[in-house]
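Here the structure is laid out as structure tokens; the discussion comes afterwards.
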Amino acid sequence: MKKLLIVVIIFFTAKAYADDTLRLQALIDAGNVKLPAHHAPYSITSLILRHSLDANGNVFRCILPDGEGFIMKKRGIKLSNAEIYGGDDFTNPSGASGVQLNGDHDTVENVYIHKFSAYAIIGGNGDNSVVRNCKFADIGYSCMFLVTRTHPVKGGIVSGNTFDQSMMNPGTIPQPALMLRGSKVNPSAGWKVYNNTFIMPFSPKELSAECFELRGAPYSEIHHNTCTGGTIGISVVQNDFVQTYANKCFKQREEGIEYADSNNGMIRDNLISDQDNLGIMIDGFAPLGCRFDTLLNNTISKCRGIGIQLYKDTYDTYISNCNISAKTKALNIQGAHGVTLQNCTFTGNGYGSTAIFLDNSKGKITMRGGSMNGFEHKLFIYANKQVKTDDVVIDGVRGNNNIKESDKSLSGGGEIGRNIRIR
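Numbers -18 to -1, 1 to 405, taken from mature numbering (1 follows the signal peptide of the UniProt record, and there is no 0), label the letters of the sequence shown in order.
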């Protein structure tokens, strides 16, 4: 009898909360709607937006165990000026979400979405989606996940938004605040992501708990964003011709900016500080590698580890006018080769710090102009396998308070060629 009473109470409570659904759906089906201001909070299960809805500052409570509170599939629909909240932020990717965004040229603007177990916004099958001037907070899985799975899409605009996951548990938060994804077969090209603020917990346990991840979305632009916390500030994976500029990244666990398997990228005018590990990571892991990436006018400071790391199949990289202050290595070239540096300023931390560290690298490194100050070594060559490091030239680089010019550690068949010069 007691269990039956509880079920009955839950049933009637849910029915009471959902009283506004049918009435609002009828209004939306009839045409574009602007609701009267200052209405008591609406309670809904799920609304299909066949026309645009200006909520005029009103609040919606979504009572649903899964699915989305607002569904946008029709072309040219706009949802604006609303507060939408769910029941809890317990992580469940199959749980409830605020908005489904799948229509071409659809817009979500000036909407505050919070307290959902899955996503604030989920979708990605529509061309030219726009999410602007919104706030997302206290979301269990990821604030926003737009992924195309069945066909190529044209990327849209994500601007002026706040992604605030700072209240989430760093031990359990699983995913980036923002994910925009395509694939090699179905790319999501040409996104413009700018003027956003990302706030993640400090030192989250899961490596995937980044501020922002862009994957399979070539020719995109990422600029004037601020990223605080998380494992990575901005992660660019398998994207060619992506520009990342004028961003600020603070207090990431792994690195401020990552480019992985991405060619012809431009990383410029970014400010990266207080990193637990790296400033910028260019990661040429299989199968694609990184080639022809340019790093220009970046300022990297207070890194506990490395300023810039070039990893594995990374080559033909150009680095110019970068100012790097790092505790261990300003530039770590690990398995990579073919780097041109010009007019960079490297500042070390005395004993144990190296300006340029070559780790099982073929070499082909040229640095001209700029300065190296405060290092134990200007250059250190390390190899523990059969690789020959050669064609390393450091020319016209000013130096102060450096303890040694260069040193080496070779084993396992590693060797140094004849063209290693510091002058």
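Note that CB positions come from ideal geometry on N, CA and C, so glycine has one too.
Nonlocal neighbours in the same chain, by C-beta distance under 6 Å from residue i, ignoring five residues either side
i      : result
Asp389 : His359, Phe362
Val369 : Asn342, Gly396
Thr281 : Leu253, Asn305
Ser62  : Asp36, Glu91, Asn92
Lys174 : Ile139, Glu203
Asn40  : Leu17, His21
Arg163 : Val129, Arg197, Gly198
Leu340 : Ile315, Ile363, Thr371
Asn38  : Lys16, Leu17, Ala19, Asn63
Thr296 : Ile264, Gly266, Cys272, Ala318
Thr327 : Asn305, Gly352, Ser353
Leu392 : Ala365
Lys117 : Tyr94, Thr144
Thr276 : Met248, Tyr300
Asn401 : Asp372, Asp373
Residues sharing a beta bridge with residue i, DSSP
i           : result
Gly49       : Ala78
Ile376      : Met349, Ile404
residue 415 : Outside the modelled stretch of the chain, which goes from -18 to 405, sits residue 415, for which no answer is possible.
Arg43       : Ser25, Tyr67
Cys231      : Cys209, Ile254
Leu35       : Val15, Leu61
Gly381      : Met354
Lys311      : Ile288, Thr336
Val218      : Leu196, Tyr241
Ser302      : Leu278, Gln324
Gln225      : Glu203, Met248
Ala119      : His96, Asp146
Asp265      : Ala242, Tyr293
Gln316      : Tyr293, Asp341
Asp1        : Looking at the DSSP assignment, Asp1 forms no beta bridge with any residue, so it has no partner.
Leu359      : Correcting the residue identity first, residue 359 is His in this sequence and not Leu. BP columns for His359 point to Thr336, Lys386.
For residue i, the nearest candidate out of the options (CA to CA)
i           : options                        : result
Thr299      : Arg273, His33, Ile204, Asp36   : Arg273
Asp1        : Val113, Thr27, Phe98           : Thr27
Lys284      : Pro269, Ile290, Ser255, Thr73  : Ser255
Ser34       : Ala64, Arg43, Ala19            : Ala64
Ala318      : Gln291, Arg250, Gly334, Gln324 : Gln291
Thr154      : Asn143, Leu162, Ile121         : Ile121
Lys166      : Ser335, Asp243, Asp373         : Asp243
Gly352      : Thr296, Ile301, Thr3           : Ile301
Asn384      : Leu340, Ile10, Cys193, Asn355  : Asn355
Ala47       : Ser124, Ser76, Arg114          : Contrary to the premise, residue 47 reads as Pro rather than Ala in this sequence. The residue with the shortest Cα to Cα distance from Pro47 is Ser76.
Gln257      : Tyr201, Phe184, Gly320         : Phe184
Glu237      : Arg286, Pro200, Ile30          : Arg286
Asn207      : Ile404, Phe145, Asp222         : Phe145
Gly68       : Pro23, Met54, Arg32            : Pro23
Ala119      : Ser170, Gly399, Cys193         : Cys193
Phe357      : Arg380, Asn366, Asp373, Ile347 : Arg380
Ala228      : Asn366, Ser99, Ile239          : Ile239
Lys367      : Thr336, His87, Gly394, Asp109  : Gly394
Asp251      : Asn259, Phe98, Cys231, Asn245  : Cys231
Met161      : Pro169, Glu195, Lys187         : Glu195
Asp88       : Gly49, Met126, Leu31, Ala100   : Leu31
Gly142      : Val135, Val112, Val321         : Val112
residue 407 : Gln324, Phe52, Ile262, Lys294  : The structure shown does not extend to residue 407, since the chain spans only -18 to 405, so no value can be given for it.
Leu189      : Thr210, Gly378, Pro156         : Pro156
Close-in-space but distant-in-sequence residues of the same chain around residue i (CB under 8 Å, 5 per side omitted)
i        : result
Met(-18) : Only weak support exists for where Met(-18) lies, its pLDDT of 39 falling under 50; the coordinates are left without a value.
Glu387   : His359, Lys360, Leu361, Ile404
Nearest-angstrom Cβ-Cβ length linking residue i and residue j, presumed shorter than 8 Å
i           : j      : result
Gln234      : Gly266 : Between Gly266 and Gln234 the Cβ distance is about 20 Å, and since that is not below 8 Å, they are no contact.
Thr310      : Ile338 : Incorrect: roughly 12 Å between the Cβ atoms, too far for contact.
Asn331      : Asn303 : Incorrect: roughly 22 Å between the Cβ atoms, too far for contact.
Gln225      : Met248 : 5 Å
Gly85       : Gly108 : 5 Å
residue 418 : Gly105 : Past the edges of the chain, shown from -18 to 405, lies residue 418, and the structure says nothing about it.
Neighbour flag for residue i against chain B, beta carbons, 8 Å
i      : result
Thr336 : In the structure shown, chain B cannot be found, because there is only a single protein chain.
Residues of its chain near residue i, where Cβ-Cβ distance is below 7 Å and the 5 sequence neighbours each way are ignored
i        : result
Ile(-9)  : Residue confidence is low: Ile(-9) scores 38 on pLDDT, short of 50, so the model does not pin down where it sits. Its coordinate-derived value is still stated next. None.
Asp11    : Arg32
Pro200   : Pro169, Ala171, Asn221, Asp222, Phe223, Val224
Met54    : Leu31, Leu61, Val81, Gln82, Leu83, Asn84, Gly85, Asp88
Val(-12) : Its pLDDT being 37, under 50, Val(-12) is placed unreliably by the model, and the measurement read from it follows with that caveat. Here the set comprises nothing.
Distance cut-off 7 Å: residue i Cβ against heavy atoms of the ligand FAD
i     : result
Gly58 : What this structure holds is no ligand at all, so the ligand FAD is not there to describe.
- Does the pairing of the segment 167 to 180 with the segment 149 to 157 give three or more beta-carbon distances under 8 Å? no
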